Structure formats: C-alpha cells, structure tokens
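Chemist:
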Ligand code: NDP
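Residue numbers (my numbering): 393 to 716.
(1) Could you have a look at residue 410 and say whether DSSP puts it in helix, strand or coil?
(2) Can you give the Cα-Cα distance for residue 652 and residue 531, rounded to whole angstroms?
(3) Could you tell me which uninterrupted beta strand (DSSP E) segments, each at least 3 residues in length, are contained entirely in the region 525 to 562, listed from first to last along the chain?
(4) For the alpha helix (DSSP H) that residue 581 lies in, which residues bound it at each end?
(5) Between residue 512 and residue 703, how many whole angstroms is the CB-CB distance? I'm expecting something under 8 Å.
(6) Within 7 Å: the Cβ of residue 565 and any heavy atom of ligand 1?
(7) Rounded to whole angstroms, what's the CA-CA distance from residue 459 to residue 505? Just pull it up for me.
(8) Which of helix, strand or coil does DSSP assign to residue 650?
(9) Report buried or exposed for residue 469, applying the criterion of at least 16 other Cβ atoms within 10 angstroms of its Cβ.
(10) Are there 16 or more other CB atoms within 10 angstroms of the CB of residue 570, so buried, or fewer, so exposed?
(11) Nearest-angstrom Cα distance between residue 524 and residue 451?
(12) Please name the residue in 631, 656 and 657 whose C-alpha comes closest to that of residue 645.
(13) With 16 other CB atoms within 10 Å as the buried threshold, where does residue 423 fall?
(14) Is any heavy atom of ligand 1 found at a distance shorter than 7 Å from the C-beta of residue 443?
(15) State yes or no: is the C-beta of residue 689 within less than 8 Å of the C-beta of residue 589?
(16) Going by the beta-carbon positions, is the gap between residue 482 and residue 476 smaller than 8 Å?
(17) Could you tell me which of 626, 517 and 515 sits nearest to residue 694, measuring between CA atoms?
(18) Using the Cα positions of residue 687 and residue 641, report the straight-line distance between them to the nearest angstrom.
(19) Comparing C-alpha positions only, which one of 559, 568 and 550 sits nearest to residue 539?
(20) If we ignore side chains and look at the alpha-carbon of each, how far apart do residue 655 and residue 649 end up?
(21) Suppose the cutoff is 7 Å on Cβ atoms and the five residues either side in sequence are ignored; what does the same chain contact list for residue 502 look like?
(22) Would you mind working out which of 668, 463, 457 and 535 sits nearest residue 484, comparing C-alpha positions?
(23) How do the region 405 to 423 and the region 436 to 449 stand: do at least 3 beta-carbon pairs fall below 8 Å, yes or no?
(24) So residue 607 and residue 583 are supposed to be a Cβ contact under 8 Å. How far apart are they, rounded?
(25) Looking at residue 473: is its Cβ nearer than 8 Å to the Cβ of residue 663?
(26) Do you know offhand how far residue 494's Cα is from residue 479's?
(27) Could you tell me which residues DSSP puts in a beta bridge with residue 515?
(28) Determine the direct distance from the alpha carbon of residue 595 to that of residue 714, and round the result to whole angstroms.
(29) Buried or exposed for residue 636, please, with buried defined as at least 16 other CB atoms from any protein chain shown within 10 angstroms of its CB.
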C-alpha cells in the first residue's frame with residue numbers, strides 16, 4: 393500500500409481529502425498561539441488537512457496560521473482541506489447557518505472544505521457554545537439531526553461548505569440519516585474515536601459498504617486533558633505490545649499507532665503542537681506494517697473510549713449505548 397503525504401481519498405461527493413490531518417484540540421490552559429504556530433509548522437512540512445471545531449476555541453488562531461501560509465505563497469487556498477464542526481447548541485434549523493457562518497468568520501475563509509455535525513445529539517443553547525463556559529451543566533434538547541442536516545445541505549448549495557459529514561454517529565444513526573426521505577447529500581465521512589484500543593472494525597466495514605469514510609480521532613490515545621479523559625485509563629503509547637512492534641520497525645509507537653489506522657483504510661487525525669512530533673508523525677509514510685504485525689496489533693482492541701462524553705449518557709441520542 394503506497395501512501396504518501398500527498399495521498400488523498402475521493403469522497404462520495406467527488407471531493408478529495410488528505411489522509412493525514414493535523415488535530416487541533418488543546419486544553420484551555422494551553423496558550424492559543426501554539427495552535428497557530430503548529431499549523432504553520434505543519435503546512436511547511438506538507439500537512440494539507442487541518443481539523444478544528446468551534447468548541448475547540450481556537451479557530452481564529454488556526455485561521456491565522458492557514459492564511460499566513462497562503463499569504464507567503466507556501467500554499468494556495470485550494471491546497472488546504474479545512475474541517476469545522478457544528479456544535480450541539482446550533483442544531484435547531486434557524487441556528488445551523490449561524491453556526492457555520494461563525495466558523496467561517498473566525499477562521500477567515502470564504503468556504504469550509506468539510507463541515508460536520510459534531511455529535512448526533514442537541515443541547516440547549518445556554519451559552520455553552522463558548523468554550524470558556526464549557527463547564528456549565530448541559531441541558532438536553534431534542535432537535536432531530538435530520539432537520540439539521542437539511543439546512544446543512546442548503547449551506548452546501550449556497551457554497552459555504554464543499555462537503556458535509558457527521559461525527560460520533562453510530563450505525564443506527566447513520567442509517568436513519570441515509571434513509572431520510574428526500575436526502576440530497578450523503579455524509580462523506582463519520583469522524584469517530586478509533587485507535588488500537590477501540591478497533592472500530594464493524595463501524596468501519598458498515599461505513600465502507602456505504603461509501604462513507606471513517607475519520608479517526610484520538611489515534612494516539614488522546615490528549616489526556618482531565619476534563620475529558622479519565623486519567624486512570626491506560627496510556628496507549630506506553631502499551632508494551634505496541635512498543636515491541638514499533639521497535640521492530642525502528643519507529644516510534646506514535647508512528648505505528650497512526651500507520652495501523654491508515655492501513656485499515658481510514659483517514660487519520662493526529663494532534664501535536666510540538667514541531668518535532670508534527671514532523672515525526674509524517675514518518676508514517678516511510679514504512680508499511682506487515683500483516684502479521686497488523687494481526688498482533690488487532691489483538692489490543694478492548695472497546696475503550698478515551699472521550700465517552702459521559703455527561704450525555706442519558707440523552708436519547710447518546711451514540712455509545714449501541715454496540716457500534
Ligand atoms: P491524539 O490521539 O491525536 O493525541 C494527541 C496527544 O498526543 C497530544 O498530547 C500530543 O502532544 C501527543 N502526541 C502527538 N504526536 C506525538 C508523538 N509523535 N509522540 C508522542 N506523543 C505525541 O488526540 P486527540 O484526542 O486530540 O485527537 C486528535 C484530533 O481529533 C483532535 O485534536 C481534534 O482535532 C479531533 N477530535 C475530534 C473529536 C470529535 O468529537 N469529533 C473528539 C476528539 C478529537 P503534543 O501536542 O504536546 O505534542
């Protein structure tokens with residue numbers, strides 16, 4: 393399987409997505425400027441896919457980074473694939489376009505390449521769309537994501553976004569969307585937690601059968617920000633079997649963790665704000681895992697969610713009660 397940093401997959405709407413993207417979530421204590429610096433370093437190194445979200449709270453800095461690399465001639469706008477996400481407080485049909493326009497304004501682009509419904513559930517807009525108010529209790533809402541999707545389709549027709557997708561949807565929710573009467577655009581992807589400890593083989597094969605890409609997040613075992621991740625969970629990159637395989641290839645555990653997901657046929661997001669690691673993670677294009685090592689790594693699956701968003705467990709649309 394010859395994969396390079398230029399490799400792109402063709403989505404079901406004909407647009408192309410680079411197979412490795414830079415993740416940008418960082419806890420609120422991390423200075424925002426680091427996000428901008430990371431984007432610039434990444435673009436200089438050859439990353440062309442940047443994943444962000446309104447709730448991440450740094451779209452302005454990310455946008456600055458992208459626009460400065462366009463301004464200095466390193467890239468053109470069309471070289472960059474930028475993903476934004478509609479936060480769950482923007483699901484009511486009168487709010488959807490506002491949510492997208494806020495991302496467009498903050499990131500300073502004329503269009504987004506991809507816009508995702510961040511989760512399948514809606515939350516009442518209490519101000520919690522503002523990351524600084526993230527700790528406020530969530531108030532459940534019951535907007536049907538199919539109604540949200542129709543407005544997103546209109547936003548695509550209006551040229552505000554090139555491709556539409558979802559995130560954190562289970563199979564049943566995907567099916568509901570795909571069977572929605574009058575569906576105009578299928579989601580091009582489902583962005584989900586997917587790593588060695590959460591080997592999404594059933595969701596992956598379902599999505600492949602529907603020509604929907606899985607985009608994998610927390611491939612490196614996540615950021616371990618205590619607000620989102622239980623610190624008692626095992627550290628993925630310390631896994632002894634992963635480390636043994638990595639040593640065999642003379643690669644870092646991070647490279648093997650990313651390469652494993654790429655070889656499953658998913659698109660991978662890897663977050664780093666550390667220049668040496670941003671660079672190291674591109675090493676995934678310099679080796680290939682052999683089938684026997686893939687098999688060994690498959691055995692690490694333990695259905696572990698680093699980011700289960702458990703505050704939403706009682707919501708009727710909580711996706712993780714289903715097996716997949
Ligand atoms: P990742 O699994 O990508 O892990 C990020 C952590 O790994 C950071 O602490 C980073 O540190 C560290 N790291 C990066 N490269 C290396 C390396 N080579 N060696 C050792 N450590 C390394 O976590 P995320 O959960 O952030 O997922 C990636 C992205 O996916 C997010 O940033 C976001 O864009 C997206 N996402 C989407 C979600 C959704 O609901 N749709 C939910 C969660 C994430 P450092 O930065 O200090 O280098």
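All C-beta atoms in this analysis are idealised placements derived from N, C-alpha and C, irrespective of residue type, glycine included. If you're wondering where the values come from, they're calculated on a predicted model, not measured in any experiment.
Modeler: A quick look at the data gives this:
(1) strand
(2) 38 Å
(3) 553 to 559
(4) Note, residue 581: premise wrong, no alpha helix (DSSP H); beta strand (DSSP E) at 581 to 585.
(5) With 8 Å as the limit, residue 512 and residue 703 do not qualify as a contact, their Cβ atoms being about 15 Å apart.
(6) no
(7) 15 Å
(8) helix
(9) exposed
(10) exposed
(11) Low confidence applies here, because residue 524 scores a pLDDT of 47, under 50, leaving its location unreliable; read the following figure in that light. Using only the alpha carbons, I get a separation of about 14 Å.
(12) 631
(13) exposed
(14) yes
(15) no
(16) no
(17) 626
(18) 15 Å
(19) 568
(20) 10 Å
(21) none
(22) 535
(23) yes
(24) 4 Å
(25) no
(26) 11 Å
(27) 532
(28) 11 Å
(29) exposed
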